[in-house]
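I have placed the structure first, in the form of structure tokens, so that the comments after it can refer back to it.
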Amino acid sequence: MTSPLGRSLRIYYAPGRAVALDAFHRRFLGPGELGFDIGAHVGDRVASFRRLGARAVAVEPQPRFARLLRLLFGRDAGVARVAALVGAAPGEAVLRLNRANPTVATASEEFIAAADGAPGWEGQHWDAALTLPVTTLDALAAAHGRPDFVKIDVEGYEAAALAGLSAAPRGLSFEFTTIQREVALACLHRLARLGYRHFNACLGESMHFAHASPIGDTAMAGWVEALPAEANSGDVYASLEPARLTG
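In this note's numbering, the protein residues as written are 75 to 321.
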């Protein structure tokens with residue numbers, strides 16, 4: 075039987091995926107720039123940032139995945155690895171682990187409650203917990219430099235992560251789920267306050283924009299709210315430069 079870690083490696087390093095990732099990320103990052111991967115998991119996006127010539131900060135709190143990132147990138151001076159959660163303020167928080175499906179580890183009890191009994195989330199069990207340090211996006215920027223692009227995928231903790239950001243990077247993405255649309259709406263509100271006016275989105279892992287041209291935060295909120303439950307999840311992208319969000 076394939077281990078959960080092995081299953082993630084097989085999914086996120088599937089043949090052809092690297093080419094698609096690079097083609098998509100090229101609109102956000104270039105040589106010498108800096109990308110933050112918040113919730114780096116098995117490092118497929120970090121690897122893409124590096125292939126594009128960008129430096130990367132890989133933030134991953136789960137110990138076994140942090141060890142994997144050390145094996146993959148430990149000798150790469152262009153990758154900084156941070157084993158912590160990212161939240162609204164420095165401190166500590168509890169990370170709830172799903173040992174059978176580690177891609178959905180979360181620091182959000184609300185996320186676990188929303189998943190309970192929801193279609194598409196059957197059989198998910200968070201069966202372990204770790205108390206871990208919390209850093210912020212502002213602290214990461216102070217330590218490693220202001221990022222050009224930030225990707226956030228932290229299973230319902232996205233709004234908390236954005237609460238610790240006070241200066242808008244050129245581009246940013248956050249994951250949303252249809253079981254917690256209110257988190258996406260909170261994220262959009264926060265990004266609008268930071269000065270973002272242009273948004274697009276991808277469903278699932280498609281890496282194809284849902285809109286031919288960028289839309290505003292109110293229109294994006296309406297789009298998220300109108301999605302059918304079976305859409306399940308996706309990523310919202312924001313940029314200070316709307317041309318980067320053209321489909």
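Every residue, glycine too, gets a C-beta built ideally from N, C-alpha and C.
Check your understanding: Can you tell which of 116, 152, 168 and 215 has its C-alpha closest to the C-alpha of residue 159?
Key -> 168
Review point. How would you call residue 344, buried or exposed, if buried means at least 16 neighbouring beta carbons within 10 angstroms?
Key: This structure does not reach residue 344, given that the chain is present from 75 up to 321, and the question cannot be answered.
Exercise for review: Label residue 161 either buried or exposed according to how many other C-beta atoms from any shown protein chain fall within 10 Å of its C-beta, with 16 as the threshold for buried.
Suggested key: The residue is buried, with at least 16 neighbouring Cβ atoms inside 10 Å.
Review point. Near residue 266, which residues of its chain fall below 7 Å by C-beta distance, leaving aside the five closest residues on each side in sequence?
Key: Contacts found: 291.
Practice item. From the DSSP output, in three-state form, read off residue 126 for me. Key: DSSP places residue 126 in coil when its eight states are reduced to three.
Check your understanding: Hey, which unbroken runs of the beta strand (DSSP E) at 3 residues or more fall wholly within the segment 118 to 184?
Key -> 129 to 133, 153 to 156 and 165 to 171
Point to revise | Proximity to residue 237 [Cα-Cα], best of 213, 145, 109 and 220 | key: Nearest Cα to residue 237 within the set 213, 145, 109 and 220: 213.
Review point. Can you name, in chain order, every residue of its own chain whose Cβ lies under 7 Å from the Cβ of residue 114, other than the five neighbours on each side?
Key: 120, 132, 133, 134 and 143
Exercise for review: Output the residue ranges of the beta strand (DSSP E) runs that lie fully inside the segment 265 to 320 and measure 3 residues or longer, sorted by chain position.
Suggested key: Counting only runs of 3 or more, we get 272 to 277 and 307 to 313.
Practice item. Could you have a look at residue 222 and say whether DSSP puts it in helix, strand or coil? Key: Three-state DSSP puts residue 222 in coil, outside helix and strand.
Exercise for review: Within 10 angstroms of the Cβ of residue 165, are there 16 or more other Cβ atoms? Answer buried if so, exposed if not.
Suggested key: In summary, residue 165 is exposed, with fewer than 16 beta-carbon neighbours lying within 10 Å of its beta-carbon over all protein chains present.
Review point. How big is the Cα-Cα spacing for residue 154 and residue 141?
Key: 13 Å
Review point. Pairing CB atoms from the segment 234 to 253 with CB atoms from the segment 303 to 314, are three or more of them under 8 Å?
Key: Contact between the segment 234 to 253 and the segment 303 to 314 is present: three or more C-beta pairs spanning the two stretches fall below 8 Å.
Review point. How long is the line joining the alpha carbons of residue 192 and residue 304, rounded to whole angstroms?
Key: 10 Å
Point to revise | Three-state secondary structure (DSSP) of residue 250 | key: strand
Exercise for review: For residue 183, count neighbouring Cβ atoms within 10 angstroms of its own Cβ and tell me buried if that reaches 16, exposed if not.
Suggested key: Classification of residue 183: exposed, given that the 10 Å Cβ count is below 16.
Review point. Per DSSP, residue 208 is paired with what?
Key: 159 and 165
Practice item. Determine the closest residue to residue 185 out of 251, 94 and 205, with distance taken between C-alpha atoms. Key: 251
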